[in-house]
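Structure record follows, encoded as structure tokens.
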Amino acid sequence: MKSISQSSQSWQIRLSRLLLSCFLLAASQFTHAGLKEDLETGSYVLMMRHADAPGYSDPDGYNLNDCSTQRNLGATGKTQAKMIGQWLTTQGIESAQVFSSPWCRCKDTAALLNKGTVQVEVGLGSFFENRGSRQEQTRLTQNKIAQLLKVSPRKPVIMVTHQVNIQAFAGQSLSSGSMVLVKVNQLGQYVSHQLINHPHP
């Protein structure tokens, strides 16, 4: 006889598979014309808020080197991140330069996209609890973008970060797992943006 825990895990696996099947079926209806082409011009980056992570902020005394002390992705968030990675594939984006905030929920989201090795970028770290570092964090992100687009302008750039970072950089508030295509100048500074419409679980 299966334990309640085993039954719950089995149910979650079946649900994840069903959601993934539905997602792939719907993906073709949510194409973004020219997303891959835009990301290969050297003038755009794709910014994403980490996938669904139950809770609010982080527990007191959290440690960036210990995921167990942080707010992390739940089952829905993990499925969501995988689905978005699949959707990006339908847009022709097989691989990218993938960067993440040091927070585990961002690193896990970035890894589950399955678009390449995830590189941690300090400038993408949350300043939710330290709003005084907003300008410095944004400056670091600008500098990183300028460097990336100068060295490898034809390789898509995906940055997985937090709501506060995207709000500061592009002036756009995003729900978990949402993305925004940001146009930048040669200095990595914001020019304009557009929301990316994609299926959600």
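With my numbering, the residue at position 172 of the sequence shown is 174, and numbering never jumps. The C-beta atom is built at its ideal place from N, Cα and C for all residues, glycine as well.
With a threshold of 16 other CB atoms inside 10 Å of the CB of residue i, please say whether the residue is buried or exposed.
i       : result
Gln-139 : buried
Pro-158 : buried
Leu-114 : buried
Arg-107 : buried
Val-120 : buried
Glu-123 : buried
Thr-143 : buried
In this structure, how does DSSP classify residue i when only helix, strand and coil are distinguished?
i       : result
Arg-73  : coil
Ser-233 : A question about residue 233 goes unanswered here, because the residues of the chain that appear run from 3 up to 203.
Asn-1   : Outside the shown range of the chain, which is 3 to 203, sits residue 1, and nothing can be said about it.
Arg-141 : helix
Below 8 Å on the Cβ atoms is my guess for residue i versus residue j; work out the distance and round it to an integer in Å.
i       : j       : result
Val-182 : Ile-160 : Actually they do not touch by this definition, with Cβ atoms about 11 Å apart.
Ser-103 : Ser-128 : 6 Å
Gly-87  : Ala-53  : The Cβ separation is near 10 Å, so there is no contact.
Asn-145 : Gly-190 : 6 Å
Lys-152 : Tyr-46  : Incorrect: roughly 14 Å between the Cβ atoms, too far for contact.
Thr-71  : Pro-56  : Not a contact, Cβ separation roughly 15 Å.
Gly-118 : Gln-99  : 7 Å
By Cβ distance below 6 Å, which residues in the same chain neighbour residue i in space, the five residues on each side in sequence not counted?
i       : result
Met-50  : Val-162 and Met-181
Ala-170 : Arg-136 and Thr-140
Thr-91  : none
Gln-196 : Leu-183
Near residue i, which residues of its chain fall below 8 Å by C-beta distance, leaving aside the five closest residues on each side in sequence?
i       : result
Gln-188 : Ala-148, Leu-151 and Lys-152
Apart from the five residues just before and just after residue i, which ones in its own chain have a Cβ nearer than 7 Å to its Cβ?
i       : result
Val-193 : Lys-185, Val-186 and Asn-187
Could you tell me which whole beta strand (DSSP E) segments of length 3 or greater appear in the segment 39-94? DSSP runs (the beta strand (DSSP E)) wholly in the segment 39-94: 46-51.
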